[in-house]
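K.L.:
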Amino acid sequence: MKKAFVTGITGQDGSYLAQLLLDKGYEVHGLIRRSSTFNTDRIDHFQLMDLLAAINPDEIYHLGAQSHVRVSFDMPEYTGDITGLGTLRILESIRKTGIKTKFYQASSSEMFGAAPPPQNENTPFQPRSPYAAAKVYAYYVVQNYRDAYGMFATNGILFNHESPRRGETFVTRKITRAATQIKLGIRDKLYLGNLDAKRDWGFAGDFVDAMWLMLQQEKPDDYVIATGETHSVREFAERVFAKLDLDYARHVVIDPRYFRPTEVDVLLGDASRAKKALNWQPKVTFDQLIDMMVLADLELAKKEKTLLDAGYSCANVERIS
Ligand code: GDD
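When the letters of the sequence shown are read in order and numbered with this note's numbering, they come out as residues 179 to 499.
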C-alpha cells in the first residue's frame, strides 16, 4: 500500500486530495496547524523528522501555508516563515532523514504577479506581495534540492482554484456566500475591493488530479495548471447574482479596506505542458463552478435562515464581511 503525507490536509485542496488518495488505496497521513501557542519552535523540526521517518511516505504533498494574499501584507514575517521557510524545513527533513520520497510543492500563479498574460513555465516571476515573494523563495529552494541532492521534487504552479469548500475570505466564496444570504433576506450588502482584477479560476477537485499526476511521472518537472480562461471579479459577481435573479450593482459596495497595496491585475495560465506531459485537462467549466458554489451556499443560507427565524443568532452572518 502506498503512503502519502499531506500538509494542510484540512484546507480546501487537502480535503480533495485526501479523498483522491484514499480512493486510490493510499494510506493517508496529514499535518495540521496547531492552534494553541506552545513554545515548541526549537524542537518542531525534530518532530517533523521523527514523523517523516516513522511514516516513511512514498509521496509528500506540501499544501500547508499562510495562503491569503491580503493577509500577507499585514503579517509579512509570519507569511515568509510559514509559506517560504516552511517548504525548506520539510525539504531539509527529507534530506536529513534520508527517506526516499517524492515531493510536491504547492507553488502559485501569484509568483507571476505583474508579468503580462498568458503565463507559462517560462514566464519570469514578478511577485507583488509578501505571499508571492515567499512562494518564489520556496519554488527556487525546491529546484535547488532537486539539482543538489537528486530529489524527486516538483513545483505545481496552480492558478486560482475554487469550490464550495473554499475559505470564506477568498473572493469567489465571499461572493457566493453573501449573494445567497442576500437572496434569502439575511443581509443586503456585500463589501468588496478591486472588481477589475482578472483571474483564471478552475475547480479545486480537477486541480488535485494534476498534483497526483505530477508525482507519477518518471522525472520531476514543474508544471502550470490552469483553465486558460480569465474573468474579472466583477464578472464573477455579476454572474452569481444573476443566477439568483439579483442585480449585483444594487448590493455590492466598494470598500477600500479590501484593496491591496500592490495588485495582480491579470492572471491567465497556459497549461500546454501539463496537457501534453500529464494528459491533464480541467473538466469543470467556469459556469459549472459557479453553479456548484451557488447551490451549496444556498443550502447553507437556508439552514442559517431557519436558525435565525427560530430566534438563534448566527455567527456566520457577521463574520463573512
Ligand atoms: N479576498 C478578497 N476579498 N479579494 C478581493 C475582494 C475581497 O473583498 N475584492 C476584490 N478582490 C480581488 C483581489 O484584490 C484579487 O485581485 C482577486 O479578487 C482574487 O482574490 P482572492 O480570492 O483573495 O485570491 P488571490 O488571487 O489573491 O490568491 C489566491 O490564488 C492564488 C493563486 O493565484 C489564493 O488562493 C492564493 O493562495 C493562491 O496562491
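Glycine included, every Cβ here is placed at the ideal spot set by N, Cα and C. If you're wondering where the values come from, they're calculated on a predicted model, not measured in any experiment.
So Tyr436 and Tyr369 are supposed to be a Cβ contact under 8 Å. How far apart are they, rounded?
P.N.:
7 Å
K.L.:
For Gly383, which residues from the same chain have a beta carbon less than 6 Å from its beta carbon, with the 5 sequence-adjacent residues on both sides left out?
P.N.:
Tyr194
K.L.:
If you run the structure through DSSP and keep just helix, strand and coil, what is Ile498?
P.N.:
For Ile498, the predicted model reports a pLDDT of 46, less than 50, meaning its position is unreliable and no value from the coordinates is stated.
K.L.:
Going along the chain, which residues of its own chain have a beta-carbon closer than 7 Å to the beta-carbon of Val386, five neighbours each way excluded?
P.N.:
Asp191, Tyr194, Leu195 and Leu198
K.L.:
Relative to the C-alpha of Asp201, which candidate in Lys181, Leu209 and Thr185 has its C-alpha closest?
P.N.:
If we check each option's Cα against that of Asp201, Lys181 comes out closest.
K.L.:
Taking contact to mean at least 3 C-beta pairs separated by less than 8 Å, is the segment 274-284 in contact with the segment 227-239?
P.N.:
yes
K.L.:
For chain B, is any of its Cβ atoms less than 8 Å away from the one on Gly345?
P.N.:
This model lacks chain B altogether; it includes just one protein chain.
K.L.:
Taking the alpha-carbon positions, what's the Val206 to Leu269 distance?
P.N.:
19 Å
K.L.:
Classify Ile210: buried if its beta carbon has 16 or more other beta carbons within 10 angstroms, exposed otherwise.
P.N.:
exposed
K.L.:
Give me every residue whose Cβ sits closer than 5 Å to any heavy atom of the ligand GDD, in chain order.
P.N.:
Ser245, Val247, Ser286, Ser287, Glu288, Asn338, Phe348, Val349, Leu370, Gly371, Asn372, Ala375, Val411 and Tyr436
K.L.:
Below 8 Å, how does it come out for the segment 351-362 and the segment 312-332: are there three or more Cβ pairs, yes or no?
P.N.:
By the Cβ rule, the segment 351-362 does not count as touching the segment 312-332, because fewer than three pairs are nearer than 8 Å.
K.L.:
Give every residue of the same chain whose Cβ lies closer than 8 Å to the Cβ of Pro235, excluding the five residues on either side of it in the sequence, and list them in chain order.
P.N.:
The residues are Lys181, Ala182, Phe183, His207, Ile277 and Thr279.
K.L.:
Within a Cβ cutoff of 6 Å, which residues of the same chain sit near Gln500, ignoring the five residues on either side of it in sequence?
P.N.:
The structure shown does not extend to residue 500, since the chain is modelled only from 179 through 499, so no value can be given for it.
K.L.:
Sort Thr350, Ala311, Asn372 and Val411 by Cα distance to Ile260 and report the nearest one.
P.N.:
Ala311
K.L.:
So Val442 and Gly291 are in contact, right, with Cβ under 8 Å, and what is the actual spacing, rounded?
P.N.:
5 Å
K.L.:
Name the residue from Trp458, Met179 and Glu482 whose alpha carbon lies nearest to the alpha carbon of Tyr401.
P.N.:
Trp458
K.L.:
Would you kindly report the start and end of the unbroken alpha helix (DSSP H) that includes His207?
P.N.:
Unbroken run through His207 is the beta strand (DSSP E), Glu205 to Leu209; no alpha helix (DSSP H).
K.L.:
Nearest-angstrom Cα distance between Leu473 and Pro294?
P.N.:
34 Å
K.L.:
Any idea if Gln244 is buried or exposed, counting beta-carbon neighbours within 10 angstroms, 16 or more meaning buried?
P.N.:
buried
K.L.:
Once DSSP output is grouped into helix, strand and coil, what is the label at Leu424?
P.N.:
Note: Leu424 maps to coil in three-state DSSP.
K.L.:
Which value, in whole angstroms, describes the spacing of the CA atoms of Glu299 and Val320?
P.N.:
15 Å
K.L.:
Run through the segment 349-388 for me and flag every whole alpha helix (DSSP H) of 4 or more residues, listed as ranges in chain order.
P.N.:
349-361
K.L.:
Is it buried or exposed, Phe376, if we count other Cβ atoms within 10 angstroms and call 16 or more buried?
P.N.:
Note on identity: in this sequence residue 376 is Lys, with Phe being the wrong assignment. Buried.
K.L.:
For Phe381 versus Glu413, is the C-beta spacing smaller than 8 Å?
P.N.:
no
K.L.:
Could you please give the first and the last residue of the uninterrupted beta strand (DSSP E) stretch that includes Asn457?
P.N.:
Judged by DSSP secondary structure, Asn457 falls outside any beta strand (DSSP E); it is assigned neither H nor E.
K.L.:
Gly406 and Asp465 - do their beta-carbons sit closer together than 8 Å?
P.N.:
no
K.L.:
Candidates Asp378, Leu485, Gln297 and Tyr309: which alpha carbon is nearest Pro251's?
P.N.:
The identity of residue 251 in the sequence shown is Phe, whereas the question assumes Pro. Selected option, being the one with the closest Cα: Tyr309.
K.L.:
In angstroms with no decimal places, state the Cα-to-Cα distance between Glu477 and Ile403.
P.N.:
30 Å
K.L.:
Return the chain-ordered ranges of every alpha helix (DSSP H) run that is complete within the segment 277-317 and spans a minimum of 4 residues.
P.N.:
none
K.L.:
Quick one, which of Ala232, His409 and Ile335 has its alpha-carbon nearest Met392's?
P.N.:
Nearest in C-alpha terms to Met392, of all of Ala232, His409 and Ile335, is Ile335.
K.L.:
The alpha helix (DSSP H) with Phe330 in it runs from where to where?
P.N.:
No alpha helix (DSSP H) holds Phe330; the beta strand (DSSP E) holding it covers Phe330 to Leu336.
K.L.:
Could you give the distance in angstroms between the alpha-carbon of Glu396 and the alpha-carbon of Ile468?
P.N.:
36 Å
K.L.:
Quick one: measure Cβ to Cβ for Asn338 and Leu445, integer angstroms, because I've assumed they're closer than 8 Å.
P.N.:
7 Å
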